[in-house]
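Comments concern the structure below.
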Amino acid sequence: MSADLKEPSQLIAGMSHKEMLEIMAANNIFCGHDRFARILMDAQRRALAAQALERMTQNAEGLDLYDEPQCWCSTCRPITLADTRMVLCPKCGNKRCPHATNHVLACTGSNEPGQKGSSYEHCAPIEERE
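If you count by the numbering used here, then the sequence shown holds residues 167 to 296, one letter each, in order.
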């Protein structure tokens, strides 16, 4: 991709009618002067867009999009006030499972409150609170 691409209006503005006709004849293009000017401007816009896309791709490759931990558990990815997610155990699907709190802990398959290691370990069942 050429680094010296001009804006489409600059490309056409700097080209004489004769130069445009010569380009048309050399490339076997048979259309009106205005249509050819629009074709050139469109091609130039596409080239500029492709060049911009290439620059954005190069810039994006330099970014580390994965600087946060990729684990799903509450220990690796603490829940903030802005979070709208609920952490569930991927094995049993329960939020009170210790495995949902920490990926190192074993899955109990239980949704009972008060399980050792769970985020809800200190939440007593409703019957015990009364």
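A virtual CB, placed ideally from N, CA and C, is assigned to each residue, including glycine.
Rounded separation between residue i and residue j - CA only
i: residue 265; j: residue 246; result: 19 Å
i: residue 241; j: residue 283; result: 11 Å
i: residue 186; j: residue 213; result: 19 Å
i: residue 184; j: residue 193; result: 14 Å
i: residue 181; j: residue 217; result: 22 Å
i: residue 249; j: residue 237; result: 15 Å
i: residue 204; j: residue 191; result: 17 Å
i: residue 281; j: residue 255; result: 13 Å
i: residue 167; j: residue 211; result: For residue 167, the predicted model reports a pLDDT of 43, less than 50, meaning its position is unreliable; a value from the coordinates is still stated below. Going by the C-alpha atoms only, they are around 13 Å apart.
i: residue 195; j: residue 220; result: 30 Å
i: residue 252; j: residue 208; result: 49 Å
i: residue 227; j: residue 215; result: 18 Å
i: residue 201; j: residue 243; result: 58 Å
Spatially closest choice to residue i from the options, by CA coordinates
i: residue 286; options: 182, 272 and 267; result: 267
Cβ separation of residue i and residue j, assumed to be a contact under 8 Å, to the nearest whole Å
i: residue 269; j: residue 239; result: 4 Å
- Does the pairing of the segment 276 to 284 with the segment 249 to 262 give three or more beta-carbon distances under 8 Å? yes
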